[in-house]
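*Asks:* Residue numbers (this note's numbering), protein chains in the order written: chain P, 14 to 179; chain E, 14 to 179.
Glycine included, every Cβ here is placed at the ideal spot set by N, Cα and C.
Everything numeric in this text was worked out from a predicted model, so none of it was measured.
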C-alpha cells in the first residue's frame, strides 16, 4: 500500500473540519504535512473521481468533501487510492494443473482463493465501519486543540487565542 | 500481493500430500501448474528461510514441509513470501504537522494508523486460523481424487487406477 493512503486519510479528516463550502487548495493541504503538493494533488484527484471530494475551480478553489464525513468510510478512501482489486489476486493456476479446467472460475471455487477472499472481506468490513467523521471525533476528544489549529492553518483564519492577543 | 503467494500456498498443500521424508524438486512442483521453475524456486527458498519448508540436497533432493501441515498457517506462508510489514505503513506525517513532535511514535498514537493496524490484525487473525492441513482436507472432501492424482504427478508414483490398466 502506498503512502497516498496515509496522506489521503489525514487530508480528509482535515477537510472534515474546515467550514462547509470552503475549498482548500492542494498547496495548503500539502504544506500542512510538508508533503510534495504535485503528488498529493494526484491522490486528491483520485478522491474526486471516487466521489469523496469535490474540486472547486477559481481563485478560491481547491478541494472539499463531496459528502458528509460520517458517510465516508476509511475503506472508501483506501479503495479510491489503491484501486478496488483484492490484495490477493487469484491467477487461477489450477487451470494449468493436470486436472484443470480452462472454463472453471477458480477465483470462486478454489479453496485457497476462497480463504484469501474471506480474509479480505474481514479487512474491508473493519475499514468500512470506520468513518472520517468517527476518526475526526476521536482526535478531537484526545487533542482538544487539533480541530481549531488545523482550520487556522488550512484556511488562514486566525484561531480565537491568537486573535485575542492582537 | 504478488503471484508468489498463490504459488506457495498451492505448493504447500501439494507437499502436505506427498509421503513424509520424500522431497519434491522445484522443477516438478513448477511443472504441476506450468509455472516458471526458477521463479517458483525463489518462493520456495523464502519458505525455507521462514522454516516452513526444508530443502534436501542430492539426486533425490528437493523440498518438503519442515513441520506438520496443521502447524503451518496460511498467514505463515503469506508473511514468508510478502514480508512481515503491515500493508499500511505509517509514514508518521504528523511529525511534520504544525503541532507535530519529532519524538512521537505516531505509528502507535495516530488514530488513522491505529485504525489501519486494527484492520490488519483482523486480516492476520483470519489467515492465522486457516492451516495448510485444513485447506488440504477441504480439497480432499470436495475432490476425492485430488490427493492421489497430485502425489502421482509430483512423485512419479502411478495412481491405483492407472496401475490397474497396465
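In its own chain, which residues sit with a C-beta less than 8 angstroms from the C-beta of residue 148 of chain E, not counting the 5 before and 5 after it?
*Replies:* Result list for residue 148 of chain E: 22, 26 and 87, in chain order.
*Asks:* Measuring alpha carbon to alpha carbon, tell me which of P/49, P/76, P/50 and P/129 ends up nearest residue 60 of chain P.
*Replies:* Of the candidates P/49, P/76, P/50 and P/129, the one whose C-alpha sits nearest the C-alpha of residue 60 of chain P is P/76.
*Asks:* Give me, in chain order, the residues of the same chain whose beta-carbon lies closer than 6 angstroms to that of residue 160 of chain P; leave out the 5 immediate sequence neighbours on both sides.
*Replies:* Only 30 and 153 meet the Cβ criterion.
*Asks:* Listing by chain order, which chain E residues have their CB less than 7 angstroms from the CB of residue 162 of chain P?
*Replies:* Going along chain E in sequence order, the residues near residue 162 of chain P (Cβ under 7 angstroms) are 111 and 112.
*Asks:* Go ahead and label residue 74 of chain P buried or exposed: buried means 16 or more other beta carbons lie within 10 angstroms of its beta carbon, across all protein chains shown.
*Replies:* By the 10 Å Cβ count, residue 74 of chain P comes out exposed.
*Asks:* If we ignore side chains and look at the alpha-carbon of each, how far apart do residue 134 of chain E and residue 94 of chain E end up?
*Replies:* Spanning the two alpha carbons is a distance of roughly 18 angstroms.
*Asks:* Would you mind listing the beta strand (DSSP E) stretches within the stretch 46-129 of chain P that are 3+ residues and don't spill past its ends, in chain order?
*Replies:* Counting only runs of 3 or more, we get 66-69 and 75-78.
*Asks:* Can you pull the chain P residues whose beta carbon is under 7 angstroms from the beta carbon of residue 7 of chain E, in chain order?
*Replies:* A query on residue 7 of chain E cannot be resolved here, the shown segment of chain E reaching from 14 to 179 and no further.
*Asks:* Identify whether residue 134 of chain E lies in helix, strand or coil by the three-state DSSP scheme.
*Replies:* The answer is helix: DSSP assigns residue 134 of chain E an H, G or I state.
*Asks:* Once DSSP output is grouped into helix, strand and coil, what is the label at residue 31 of chain E?
*Replies:* DSSP places residue 31 of chain E in coil when its eight states are reduced to three.
*Asks:* Using the C-alpha atoms, what's the distance from residue 143 of chain P back to residue 129 of chain P?
*Replies:* Taking the straight line from one Cα to the other gives about 22 angstroms.
*Asks:* Does any CB atom of chain E fall closer than 9 angstroms to the CB of residue 100 of chain P?
*Replies:* Chain E contact via Cβ: present.
*Asks:* Could you compute how far the alpha carbon of residue 18 of chain P sits from the alpha carbon of residue 92 of chain P?
*Replies:* If I take the Cα positions, the gap works out to 9 angstroms.
*Asks:* Contact check, residue 124 of chain P vs residue 37 of chain P under 8 angstroms by CB: the rounded distance?
*Replies:* The Cβ separation is near 48 angstroms, so there is no contact.
*Asks:* Does the beta carbon of residue 16 of chain P sit closer than 9 angstroms to a beta carbon anywhere in chain E?
*Replies:* Yes - at least one Cβ of chain E is within 9 angstroms of the one on residue 16 of chain P.
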